[in-house]
Amino acid sequence: MKGKLYVSHFLTSWTDRVFEFACYLFIGDIFKTSLLLASIYGFSTTISAIIWSNWVGRMADSTSRLLFVRLTMLVQKSAIVASCVLFYIILAFNYRPYLLYSFIVVFGCMLKLAFIANNIAIEKDWVMVMTDGDTETMLTVMKRIDLFCKTMAPVMIGSLMAFGPSVGAIIIAVWNIMSVIIEYQLVFQTYKAFPRLASKNSDYRQSRIGEQAPLLNNPLQEQSGSSNTETGLPDQQHQAEHPVSFTEYIHHKIFPASLAAGMLYLTVLSFGGIMTSYLKIVGYSDWTLGLLRAVAGVAGIASTYILPYLSAKIGIIRAGVWALWFESAALVPVVLSFTAWGSQSPWGSVMLFGGMSVSRIGLWVFDISETMLMQQMVDNAQIGSISGWQHSLCNVFELSQFVLTAIVPDPNDFIIPATVSLGAVVAASISYTVFVKQERGHLFHIKKRL
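So this note's numbering is basically just the index in the sequence shown, starting at one, shifted up by 43.
Dropping the structure here:
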C-alpha cells in the first residue's frame, strides 16, 4: 500500500514542479521588459509562507490526517487551475494583465502554503507512522520521486512551449483537474490500509536518539520506539494544546541543523526563478534552460543512491556534514565563472553549469539527512510546530535572495549575489558542524595505537 502513497506523491510533486517552472516562463512572456513582476510574485509568495507557515504546522498537529491532506491537495490544484486560466486569458486576449496578475499572485500564495502543508503532513508525519520510525527507505524513495519530477518537468514544459504559452497553460490546468481525482482516492486507500494514521496520539520516534551513538552511526539497524500510549498521551496532549514557541524552537537541540537547512535557501546558485531570469537575459532559450535543469536533476537523483551507502558507513549525522562541505566546494567554481576571467574563459559555462549540477548531490543528501534527523529528534506531537518554524526560517532566507537581487539588479553585477550565496552555504556548513559536535562530542574519529 505504500506504493499508492508513492503514486500520489508523484502526482503532487509533478504538478508542483511543472507549474513552478512554467509560471516564471508565463510571466516572462507577458512582461517582457522588466523583472519587477517576477520579483513581486516571488516576494509575495515567500512573505505569505513566512507569516503563515507556523500556523500551517499547528493545523497539521490538530487536524485529522486524512482531512488535512485532502484539503492541501484541493487548495493546491484549485490554485494552479485558477492561475492557468488567468494566464491563458492574459496571453490569448491581453485582457487587463495587471489586474489579473494580482489575482495570480494571490493564488500563488495559496499554492505555496498548500505545498508546505502537504510536505509537513506526508513527509514528516504520515511516513513516520507508516514505517514505525524506520523512515530512511521510504523518504529516500520519495526524494527520488521529487528529483525525477524536478528533472523531467522543465524538459516537458520546454517542449510544450513550442506550441505556445497559452496552449501550455490550458494543458497544465486540465492535468491538475484529472490529477486531484486520482490523488484523492490514492490517499484514502493508503489511510485505510494503515489504521494507526487515524490516531494522532502515538509517538513512533526512535527512542533516545540523542543518547544512542551506535544507532546514529548505523541508521539502517535502528529500532523504532514504542508507541508509549499509556505514559506519553498526557504529555502529548499538553504539547498539542501548547504549540512550540519560537524561543523553544531556537533552544531545541535540532535548531543548528534546522538553521543550516534554512540558510541554504539564501542562494541564487540554483536553477530557481532568479537564475532562470538571469540566464534568459543573457540569451538562453526556454528549451535550453529546461535541459540544464534536467542535468542538475539527474545529479540530484544520484544523491538518493549515495545517501544509503553513506548512512551505512558513517551514519546520518556525519553524512549531512560531508554533504554540506561538498556542496560548498562545488559552488566555488560557479562563483569564479562570474568573474572577468571566468566570463571570458571557454571553461566559464562548464564551471557554471557543472558546479551547480554537482552541488545538487550535496544539497539533496543533506536535505534527506536533515529530514530524518528532524523526525528522530523531535517529539511526534511537536513535529508540526517545529517543522512550521523551520519552513518560516527557510522562507526568511529565501526572501533575502529577492531583496538581494532587488538591491543589485544589474546582471553585470551578478557576482555579488553569487558570492553572498556561497557565503550562506559555507555558514550553513559551519552551523551544521556545530550541531554534529554537540550531538557526537567530536568531529573526527581518532584511533589510539597500542
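For every residue, glycine included, the Cβ atom is placed at its ideal position computed from N, Cα and C.
How is the alpha helix (DSSP H) around residue 451 delimited, first residue to last?
-> Translated into the one-based positions of the sequence shown, residue 451 becomes position 408. Counting along the chain, residue 451 falls outside any alpha helix (DSSP H), and DSSP gives it neither H nor E.
Among 317, 356, 462, the one whose alpha carbon lies nearest that of residue 452 = Locating residue 452 in the sequence shown gives position 409, where the first residue counts as 1. Ranking 317, 356, 462 by Cα distance to residue 452 puts 317 first.
Residue 119 and residue 68 look like a contact to me (Cβ under 8 Å); what is the Cβ gap, rounded to whole Å?
-> The residue given as residue 119 occupies position 76 in the sequence shown. The residue given as residue 68 occupies position 25 in the sequence shown. That belief does not hold up - the Cβ atoms of residue 119 and residue 68 are roughly 20 Å apart, past 8 Å.
From residue 114 to residue 80, what does the alpha carbon distance come to, in whole angstroms?
-> Numbered from its first residue, the sequence shown carries residue 114 at position 71. Numbered from its first residue, the sequence shown carries residue 80 at position 37. Answer to the nearest angstrom: the Cα atoms are 29 Å apart.
Within 10 angstroms of its Cβ, does residue 480 collect 16 or more other Cβ (buried), or is it exposed?
-> As a first step, residue 480 must be located in the sequence shown, where it is residue number 437. Exposed is the call here.
Grab me the residues of residue 91's own chain with a C-beta within less than 7 Å of its C-beta, minus the 5 sequence neighbours each way, in chain order.
-> Here the question's residue 91 lines up with position 48 in the sequence shown. Correct list, in chain order: 152, 155, 156.
Excluding the five sequence neighbours on either side, which residues of its own chain have a C-beta within less than 8 Å of the C-beta of residue 111, listed in chain order?
-> As a working mapping, residue 111 is identified with position 68 in the sequence shown. Answer for residue 111: 102, 103, 160, 164, listed in chain order.
Residue span of the alpha helix (DSSP H) that contains residue 204, given as start and end | Here residue 204 corresponds to residue number 161 of the sequence shown, with the count starting at 1. First-last for residue 204: undefined, no H or E at that position.
Alpha carbon to alpha carbon, how far is residue 474 from residue 483? Give it in angstroms, no decimals.
-> On the sequence shown, residue 483 is found 440 positions in, with the first residue counted as 1. On the sequence shown, residue 474 is found 431 positions in, with the first residue counted as 1. Rounded to whole angstroms, residue 483 to residue 474 spans 14 Å at the Cα level.
Residue 207: buried (16+ other C-beta within 10 angstroms of its C-beta) or exposed?
-> By 1-based counting over the sequence shown, the position of residue 207 is 164. Exposed, since its Cβ has fewer than 16 Cβ neighbours within 10 Å.
By Cβ distance, which residues of its chain are closer than 7 Å to residue 52, with the 5 residues on each side in sequence left out?
-> Residue mapping note: residue 52 aligns to position 9 of the sequence shown, counting from 1. The residues are 165, 185, 188.
State the Cα-Cα distance for the pair residue 334 and residue 169, rounded to the nearest angstrom.
-> Here the question's residue 334 lines up with position 291 in the sequence shown. Here the question's residue 169 lines up with position 126 in the sequence shown. Approximately 34 Å, taken between the alpha carbons.
With C-beta atoms as the reference, is residue 312 less than 8 Å away from residue 449?
-> Taking the first residue of the sequence shown as position 1, residue 312 is located at position 269. Taking the first residue of the sequence shown as position 1, residue 449 is located at position 406. No, the Cβ-Cβ distance between residue 312 and residue 449 is not below 8 Å.
Cβ-Cβ distance between residue 204 and residue 410 below 8 Å | Working through the sequence shown from its first residue, we reach residue 204 at position 161. Working through the sequence shown from its first residue, we reach residue 410 at position 367. No. Outside cutoff.
CB of residue 310 within 8 Å of CB of residue 467, strictly | Indexing the sequence shown from 1 puts residue 310 at position 267. Indexing the sequence shown from 1 puts residue 467 at position 424. Going by C-beta atoms, residue 310 is nearer than 8 Å to residue 467.
With a cut-off of 8 Å, do at least 3 Cβ pairs link the region 369–384 to the region 416–432?
-> no
Flag this pair as touching only if the region 196–203 and the region 138–151 have three or more C-beta atom pairs under 8 Å; answer yes or no.
-> no
Shortest alpha-carbon distance to residue 49 belongs to which of 105, 180, 71, 126?
-> By 1-based counting over the sequence shown, the position of residue 49 is 6. The shortest Cα separation from residue 49 among 105, 180, 71, 126 belongs to 180.
If you draw a straight line from the alpha carbon of residue 345 to that of residue 404, how long is it in whole angstroms?
-> Your numbering for residue 345 matches position 302 in the sequence shown. Your numbering for residue 404 matches position 361 in the sequence shown. Going by the C-alpha atoms only, they are around 7 Å apart.
Can you tell me whether DSSP reads residue 326 as helix, strand or coil?
-> Locating residue 326 in the sequence shown gives position 283, where the first residue counts as 1. Looking at residue 326 - three-state DSSP - the assignment turns out to be coil, as it is neither helix nor strand.
Could you give the DSSP three-state label for residue 356: helix, strand or coil?
-> Translated into positions along the sequence shown, residue 356 becomes position 313. Helix.
Can you give me the Cβ contacts of residue 378 inside the same chain, cut-off strictly under 6 Å, excluding the 5 residues immediately before and after it?
-> What you label residue 378 is simply residue 335 of the sequence shown in a count that begins at 1. Cβ neighbours of residue 378 beyond the five flanking positions: 461, 462, 465.
How many Å lie between residue 141 and residue 332 at the Cα?
-> Looking up residue 141 in the sequence shown gives position 98. Looking up residue 332 in the sequence shown gives position 289. Near 27 Å, if we compare the C-alpha coordinates of residue 332 and residue 141.
Since residue 411 is in the alpha helix (DSSP H), which residue starts that stretch and which ends it?
-> Within the sequence shown, numbered from 1, the residue matching residue 411 stands at position 368. Taken as a continuous stretch (DSSP letters only), the alpha helix (DSSP H) holding residue 411 covers 391–420.
Assigned exposure category for residue 218 - 16 Cβ within 10 Å defines buried | Your numbering for residue 218 matches position 175 in the sequence shown. Residue 218 is buried by the Cβ-count criterion.
Residue 297 in three-state terms, based on DSSP = For the purposes of this step, residue 297 is taken as residue 254 along the sequence shown, with counting starting at 1. Residue 297 falls in the coil class under three-state DSSP.
Leaving out five residues before and five after residue 278 in sequence, what residues of the same chain have Cβ atoms less than 6 Å from its Cβ?
-> Locating residue 278 in the sequence shown gives position 235, where the first residue counts as 1. Per-residue confidence for residue 278 stands at a pLDDT of 44, beneath the threshold of 50, marking its modelled position as unreliable; the derived number appears in the next sentence. Closer than 6 Å at the Cβ level, and outside the excluded window around residue 278, lies no residue.
By Cβ distance, which residues of its chain are closer than 7 Å to residue 96, with the 5 residues on each side in sequence left out?
-> For this step, residue 96 is matched to residue 53 along the sequence shown. Taken in chain order, the residues that qualify are 159, 431, 434, 435, 438.
Could you check what DSSP says for residue 106 in three-state terms: helix, strand or coil?
-> As a first step, residue 106 must be located in the sequence shown, where it is residue number 63. Three-state result, residue 106: coil.
heavy atom of the ligand ZN below 7 Å from residue 55 C-beta = You won't find the ligand ZN in this model; it holds no ligand whatsoever.
Given a cut-off of 8 Å, decide if residue 340 and residue 193 are closer than it, judged by their beta-carbon atoms.
-> Start at 1 with the first residue of the sequence shown, and residue 193 comes out as number 150. Start at 1 with the first residue of the sequence shown, and residue 340 comes out as number 297. Yes; because the gap between Cβ atoms is below 8 Å, this pair is in contact.
Decide if residue 297 is buried, meaning its Cβ has at least 16 other Cβ atoms within 10 Å, or exposed.
-> Translated into the one-based positions of the sequence shown, residue 297 becomes position 254. The residue in question, residue 297, is buried, as its Cβ has 16 or more Cβ neighbours within 10 Å.
For residue 85, is the classification buried or exposed, using 16 other Cβ atoms within 10 angstroms of its Cβ as the cut-off for buried?
-> Taking the first residue of the sequence shown as position 1, residue 85 is located at position 42. Under this definition residue 85 is a buried residue.
If you check the beta carbons only, do residue 381 and residue 324 fall under 8 Å apart?
-> For the purposes of this step, residue 381 is taken as residue 338 along the sequence shown, with counting starting at 1. For the purposes of this step, residue 324 is taken as residue 281 along the sequence shown, with counting starting at 1. No, the Cβ-Cβ distance between residue 381 and residue 324 is not below 8 Å.
Looking at the structure shown, is residue 321 part of a helix, part of a strand, or coil, going by DSSP?
-> Mapped onto the sequence shown, residue 321 falls at position 278. Helix, per DSSP.
DSSP three-state assignment for residue 312, whether helix, strand or coil = Against the sequence shown, residue 312 aligns to sequence position 269. Coil.
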